[in-house]
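These notes are about the structure you will find just below.
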Amino acid sequence: MADTNSIRVTEGNAAEPPLLTGVKSLFGNARYADFTVTCEGRKRKIHKAIVCTQNEWLAKDFEGEDDVGISILVRKVFGADIDLLQDAIKTSFNFEDCRPDVVNAMLSYMYNGDYSYDEETMREAEVEHHIQVAILAHHYSIEPLEAMACQKLQTILDCKWNDLEFVNAIESVYDKEGTYYPGELSPVKAVVVGVARKHILDLIWKYEATADFHCVAERNPGFLLDILARQTVLVSSDSGYERVRCPYHSSCSGRGTVPLLLGRSSESDRIRLRCPGGKEQSLDDWLPYIVR
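Position 95 (the sequence shown) corresponds to 94 in numbering that gives the first Met the number 0; numbering is contiguous.
Written out as structure tokens, the structure is:
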């Protein structure tokens, strides 16, 4: 008789415990399933013991607030009649304001510890898919999945920061994440903000090549504040550019070049930058003094 506790080793793969192999085999398999999730009419059978034990918020949505009370009531009135008890307990849940492929990605993570993207079958672009997964994971506080989606997004945007996909990512994140709240930066926002910071000088100076970026930045002032609020130095010689040569204060001019800081009077639709001496004005007003 085979040892059921043995480790399965497949060619080219690391050893995998049989329990993990068994859990993975249940994804997309209706056998032993006891719950149905739907999204835009698409249904998938799942196993509550696998999904609900991993996340309390999904468990609450899937079980319903009244399930426990209903179960007790049915047992008191009808005894242990299983048929009546099963009829009383929730057996399905519909995800609203979400895409089926995104829900499927979350469920895939629950069973497999990962999710994939298939451009032939999925209707949204890969960047948008990862954004949606990150936002859904954030909603249900599934931090490892959120981190995974953000890392997948980061990998793409690091290569496409000067592409329309990056512009679309900014628009998507700031549209779905709502307005800017000082001091708060969700992981998916941190990705697009971080990419923008890495290339901020190219994005600002090479206007003809980055006109779409300028347009989306104008429509999303919260995005600009997120960049500046957490980036003390706007212009740094580390990127190959000189800093600002301030003409307004002897303390600044004596240092040669100085950094620009986020001005204290900045508002969501009015970004002001200041030198260490305290002069605050718009980026356009500072441009004549920024030298390469």
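C-beta atoms are modelled at their ideal positions from N, C-alpha and C, and glycine is treated no differently.
CB of residue i within 7 Å of CB of residue j, strictly
i: K188; j: V172; result: yes
i: V126; j: E164; result: yes
i: R271; j: E279; result: yes
i: R244; j: L260; result: no
i: S91; j: T35; result: yes
i: K23; j: Y116; result: no
i: E123; j: P186; result: no
i: C251; j: G277; result: no
i: N54; j: I141; result: yes
i: V194; j: L156; result: yes
i: N93; j: T154; result: no
Residue i, buried or exposed, once every other Cβ within 10 Å from all chains shown has been counted against 16
i: N219; result: buried
i: G262; result: buried
i: W285; result: buried
i: T209; result: buried
i: P258; result: buried
i: R98; result: buried
i: D174; result: exposed
i: A58; result: exposed
i: A48; result: exposed
i: D283; result: exposed
Proximal residues to residue i (C-beta, below 6 Å), its chain only, five neighbours per side dropped
i: V101; result: Q131, V132, L135
i: Y114; result: A104, S107, Y108
i: L19; result: none
i: L202; result: T209, F212
i: A29; result: K44
i: D60; result: F92
i: G253; result: none
For residue j and residue i, believed in contact at Cβ under 8 Å, the rounded distance
i: L192; j: L152; result: It is Val, not Leu, that sits at residue 192 in the sequence shown. Contact flag wrong, Cβ pair sits at about 12 Å.
i: Y139; j: W56; result: 5 Å
i: E62; j: K89; result: 6 Å
i: M303; j: H128; result: Only positions 0 to 291 of the chain appear in this structure, which leaves residue 303 out of reach.
Beta-ladder partner(s) of residue i, from DSSP
i: R273; result: L260, E279
i: V243; result: V257, I289
i: S91; result: T35
i: I134; result: Paired residues: none, contrary to the question.
i: I45; result: F34
Beta-carbon contacts of residue i that lie in its chain and below 7 Å, excluding the five residues immediately before and after
i: A32; result: K44, I45, H46
i: Y179; result: With a pLDDT of only 39 at Y179, under the threshold of 50, the placement of this residue in the model should not be trusted; the figure read from the coordinates follows. So the list reads G221, L224, D225, S267, once near-sequence residues are dropped.
i: V166; result: D211, F212, V215
i: T256; result: E241, R242, V243, R244
i: S264; result: R271, E279
Any non-hydrogen atom of the ligand COA within 6 Å of residue i CB
i: G253; result: Of ligands this structure carries none, so the ligand COA is not represented either.
Close Cβ partners of residue i (< 8 Å) along its chain, the five nearest in sequence each way excluded
i: I6; result: The pLDDT assigned to I6 is 45, lower than 50, so where the model puts this residue is not dependable; a value taken from the coordinates is nonetheless given after this. Hits under 8 Å: A14, E15, P16, P17.
i: Y247; result: C274, G276, K278
i: H198; result: W160, N161
i: Y206; result: H213
i: P287; result: none
i: C149; result: H129, A133, P186, V187, A189, V190
i: E217; result: none
Chain B contact for residue i (CB, 7 Å cutoff)
i: V190; result: Looking at the structure shown, chain B is missing, and only one protein chain is on hand.
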